[in-house]
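Here the structure is laid out as structure tokens; the discussion comes afterwards.
Residue numbers (my numbering): 15 to 242.
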């Protein structure tokens, strides 16, 4: 019976080789919780990752997180690079950036530079929210448009016959409640756009008052010239 075990040439020396040393990339474990929080509706965070070290002695995959307030965690492996990314953070948050930049003598640039370190910058944040206040025919049309534009769509109305998920298949959330009470509870931040299209100017005004001063990215109303 032939053995299934591998055979070696008679008299040949068998040399056991150790596997090549693996370069361990910086772990994401320390950052995972914060990134999940940002993606789930928490405060956004800027994630910077070394794509190509270029001529610099950096680890490919090294990561730095920059908070909106300027706090940092992690490092790209070079304090100057960390400072350059942190200085760019405010603009990145404003633009909801997802881009590759290159580190040169003059700082960070979108222009490709030979032998330069390339860094991917991404603002990690939740899907933008489009809140439609009023589920009439205009509200339903806005919900369809917002869904097409890839918003998380929420629709609010105080009438059960209108706040009906079957009438609003594009909505991720359908809320049937008093306008003021629901808006008081609804999480509103810079990633939220709100449009008032209720059945009357009184409801629009009450709803608007609950949204002002809440740091929404956009607050608007739709109506006739007389009504608005």
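All residues carry an ideal CB built from backbone N, CA and C; glycine is no exception. Because the structure is a prediction, the values reported are computed rather than measured.
The Cβ-Cβ distance between residue 79 and residue 110 does not fall below 7 Å. For residue 81, the secondary structure class from DSSP, reduced to helix, strand or coil, is coil.
With 16 or more other CB atoms across the displayed protein chains lying within 10 angstroms of its CB, residue 58 is buried. Here residue 89 carries a coil assignment [DSSP, helix/strand/coil]. Within the same chain, and ignoring the five residues on either side of residue 48 in sequence, the residues whose Cβ sits closer than 8 Å to its Cβ are 59, 79, 87. Sequence-distant Cβ neighbours of residue 81 in its own chain, meaning closer than 7 Å and more than five residues away, are 59. The beta carbons of residue 138 and residue 52 sit closer together than 7 Å. Its Cα nearest to that of residue 85, the residue 97 stands out among 92, 76, 97. The C-beta distance from residue 221 to residue 182 rounds to 18 Å, too long to fall under 8 Å, and the pair is not in contact. When C-alpha distances from residue 173 are compared across 167, 104, 189, 166, the shortest belongs to 189.
Residue ranges of uninterrupted beta strand (DSSP E) with 3 or more members, entirely inside the region 112-161 and ordered along the chain, are 112-118, 121-123, 131-138, 143-147. A contact is defined here as three or more CB-CB pairs under 8 Å, and the region 154-168 fails this definition with respect to the region 118-129. Taken in chain order, the whole beta strand (DSSP E) runs of length 3 or more contained in the region 156-203 are 166-171, 187-190. Between residue 145 and residue 236, the C-beta spacing is not below 7 Å. Rounded to whole angstroms, residue 94 and residue 108 show a C-alpha spacing of 23 Å. Secondary structure note for residue 220: its alpha helix (DSSP H) is the uninterrupted segment 215-225. For residue 185, same chain residues with a beta-carbon under 6 Å away, outside a window of 5 residues either side, are 157, 167, 169 in chain order.
For residue 55, there is no enclosing beta strand (DSSP E), since its DSSP letter is neither H nor E.
Spatial neighbours of residue 100 in its own chain (CB-CB distance under 7 Å, excluding positions within 5 residues in sequence) are listed in chain order as 80, 84, 86.
Look at residue 211 here: in three-state DSSP terms it is coil, with no helix or strand label.
Within the same chain, and ignoring the five residues on either side of residue 217 in sequence, the residues whose Cβ sits closer than 7 Å to its Cβ are 193. Residue 232 and residue 206 have their C-alpha atoms spaced approximately 7 Å apart. Residue 65 places its beta carbon less than 7 Å from that of residue 134.
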